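Chemist:
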Amino acid sequence: MAVRLSFFRRMFRCLAVAWAVGACGLGQAHPVLEGFAQLGVSPDHVAWVVWPTDAAEPISQHNPQQSMPMASVAKLVTSMVALDTLGPRHRWRTRVYAQGALYDRTLHGDLVLVGGGDPRLTSAELRTWFASLQAAGLQRIQGHIVLQRGLFQLTERDHEGTPTPASDRPHHQWPDAFTVDEGVLQVEGQPQADRVLWQMQPPLDGVVVQDLTQRKAGRCGALRRPLSIRLEEVDRPIRVVVEGDWAPGCALPRLGLSTPPGSRFAALAVAAAWKDAGGVLDGLVVQPARSWEPPVWAPGTRPLDEFTSPPLHQWLRDMNKWSNNLMARHLMLAWSPGFPNQPARMAAARQRFQAWARQRGLGSADLQLDNGSGLSRGERARPIALARLLQKAWKGPHRQLLVGSLPVAGQDGTLSGRLTALKGRAHLKTGTLNDVRSLAGFVKGQGGRTFVVVGVVQDPQAPKAAAALDALIEWTAAQP
């Protein structure tokens, strides 16, 4: 590793003057390629564009017309489309409807919660909202709380390009119009003599935690069975089972579990939130099969209230800083024409994206979005096309919001421990797939100019290529 780091330090110094002298003693027209070669990455598998925001042409490019998977850099495109089509003040709305008469603080019928596609809706926000409903005169529900998820109409085709959700992969969650706590259950433990007291977040109504962990003696790192959790929904009561070994004096990790599509997780969280807020529910929280169909209202159904999310411009910071896939997929669905008054369909959202791209002179060979997150290998771009979009964004009305949503070199998000020598001088979206590493965004040069940078590697050795991509950013930052 010392040899490799020494090489990259030498290359940084070399790159700063490369274009003045035509080479760096490395025998390469583009010296940054030597860094990739040292890692065993073919030059055919690398593409980049470096383009000053005040210039008509790039100052450096390699394979700029080569279509490459964007990975999570696709979220940059999703952000630009959303700011242009939805606007920075767009909000997601979760609505509640009454089916039945409401008097004496009692609803004589069902309460319907309609998910509006807000992926950051939390159980804590639900409790606060429910408390306000109860204070306004709805204390008891004699019927059921019905969850309505039909404002997202998704097909198998919409999931083809992305991984299947798994309990240990929360970043693979599928979109759901009524999502609570991103579909993730967490438990924290407090040792109590020979057992551990576990607490769930969010609270789930009627769910018990079964502690099957075993106390062991010895060093913390020598425990044989790691702690794990699983949610068992088949039997009653529903259980969260915690297994594994622990030792006194060893810190207990926070354990997380991503719940599968069709889970009762959201229903159980809603029931707990309603009761914790002080409400009475005679029935159940239900999600019948029709819950996933477009809403059809019974006669006499009337709106009661709605909960609104923070505005889009705040939302983008969470999505881009930490590369939140679920937020990106929900965001793309939100620009489906007519949403939320009509159900969102991914095919319609793709068509709207294609129209947006055509208005900017780009075709399907230049840029493709599948679900907006970058999880799909069908989300591809020519680096020069993405660079042109970033140039337009820099000169557009939403520049400050877009740039401010990106990870900052050496400071926060996915760049908090990366490019530390450039702290505060680069705002870049990162991307990762098994054989892909990517970066795109804005870098401030030594002389104060700002550069658009797009860099992508698709190669079996891509996991080792982050240092070479960083070399490209270092070279850009050294430009006058």
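So the sequence shown is residues -29 to -1, 1 to 451, counted in mature numbering (1 follows the signal peptide of the UniProt record, and there is no 0). Cβ coordinates follow ideal geometry from the N, Cα and C atoms, glycine included. Treat the numbers as computed from the prediction; the structure is a model and nothing was measured.
1) Taking three-plus beta-carbon pairs below 8 angstroms as touching, is the segment 99 to 112 in contact with the segment 237 to 250?
2) Are the segment 47 to 59 and the segment 361 to 369 touching, with three or more C-beta to C-beta distances below 8 angstroms?
3) Straight-line CA distance for Val256 to Leu82?
4) Counting beta carbon pairs with one atom in the segment 401 to 418 and one in the segment 426 to 442, are three or more of them shorter than 8 angstroms?
5) Going by other Cβ atoms of all chains shown within 10 Å of its Cβ, with 16 needed for buried, is Pro29 buried or exposed?
6) Could you tell me which of Cys191, Leu223, Val179, Pro232 sits nearest to Arg207, measuring between CA atoms?
7) Just to confirm my understanding: we take Ala356, look at its own chain, exclude 5 residues before and 5 after, and list those with CB closer than 8 angstroms. What are they?
8) Pick from Gln330, Arg331, Ala352, Glu127: whose alpha carbon is nearest that of Leu340?
9) So, Leu302 versus Gly343, is the Cβ gap smaller than 7 angstroms?
10) Any chance the segment 109 to 123 sits against the segment 251 to 266, with 3 or more Cβ pairs inside 8 angstroms?
11) Is the number of C-beta pairs between the segment 35 to 43 and the segment 384 to 404 that are closer than 8 angstroms three or more?
12) Could you tell me which of Ala164, Ser199, Ala218 sits nearest to Gly189, measuring between CA atoms?
13) Is the beta carbon of Val20 sitting closer than 7 angstroms to the one on Ala358?
14) Contact between the segment 146 to 158 and the segment 166 to 173: three or more CB pairs below 8 angstroms?
15) Leaving out five residues on either side along the sequence, give the residues of the same chain with a beta carbon under 7 angstroms from the beta carbon of Asp383.
16) Taking the continuous alpha helix (DSSP H) assigned at Gln339, which residues delimit it?
17) So who's on the other strand from Arg201, going by DSSP bridges?
18) Provide the residue span of the alpha helix (DSSP H) that contains Gln285, from first to last.
19) Is the Cβ-Cβ distance between Arg196 and Gly177 less than 7 angstroms?
20) Whose C-beta lies closer than 6 angstroms to the C-beta of Thr279 among residues of the same chain, with five residues either side of it excluded?
21) Indicate the three-state DSSP secondary structure (helix, strand or coil) for Met39 in the structure shown.
22) Take Thr272 and list the residues in its own chain whose beta-carbon comes closer than 8 angstroms to its own, dropping the five residues that flank it on each side.
23) Taking the beta strand (DSSP E) that Ala397 belongs to, which residues open and close that run?
24) What's the gap between the Cα of Ile444 and the Cα of Leu10?
25) Quick check: what's the CA-CA separation for Asn295 versus Leu275?
26) In whole angstroms, what is the alpha-carbon distance linking Leu122 and Met298?
27) Suppose you measure from the CA of Ser50 to the CA of Pro59; what does that come to, to the nearest Å?
28) Using the rule of at least 16 other Cβ atoms within 10 Å of the residue's Cβ for burial, across every protein chain shown, is Pro146 buried or exposed?
29) What residue range does the beta strand (DSSP E) around Pro162 cover?
30) Using a 10 Å radius around the Cβ and a threshold of 16 neighbouring Cβ atoms, would you call Pro451 buried or exposed?
31) Near Ala437, what residues of its chain come up, given a Cβ to Cβ distance below 7 angstroms and the 5 sequence neighbours on each side ignored?
32) In three-state DSSP terms, what is Trp306?
33) Do you know how far the Cα of Leu386 is from the Cα of Phe7?
Modeler: This is what the structure gives:
1) yes
2) yes
3) 9 angstroms
4) A contact exists between the segment 426 to 442 and the segment 401 to 418.
5) When all chains shown are included, Pro29 counts as buried.
6) Val179
7) Leu333, Asp337, Leu338
8) Here the closest residue by C-alpha is Ala352.
9) yes
10) With the cut-off at 8 angstroms, the segment 109 to 123 and the segment 251 to 266 touch.
11) yes
12) Taking only the C-alpha atoms, the option nearest Gly189 is Ala218.
13) For Val20 and Ala358, yes; Cβs fall inside 7 angstroms.
14) yes
15) Lys292
16) Looking at the DSSP string, Gln339 is not in any alpha helix (DSSP H), and its letter there is neither H nor E.
17) Answer by DSSP bridge pairing, in chain order: Val212.
18) Note, Gln285: alpha helix (DSSP H), 283 to 292.
19) no
20) Counting only Cβ-Cβ distances below 6 angstroms, and skipping sequence neighbours, we find Arg62, Arg64.
21) strand
22) Tyr68, Ala69, Gln70, Val83
23) 397 to 404
24) 17 angstroms
25) Between the C-alpha atoms of Asn295 and Leu275 there is a straight-line separation of about 31 angstroms.
26) 16 angstroms
27) Counting only the Cα atoms, Pro59 lies some 10 angstroms from Ser50.
28) Classified as buried, Pro146 has 16 or more neighbouring CB atoms from the shown chains inside 10 Å of its CB.
29) Taken as a continuous stretch (DSSP letters only), the beta strand (DSSP E) holding Pro162 covers 155 to 163.
30) exposed
31) Cβ within range, chain order: Arg408.
32) DSSP, read as helix, strand or coil, puts Trp306 in coil.
33) Each residue's alpha carbon lies about 21 angstroms from the other.
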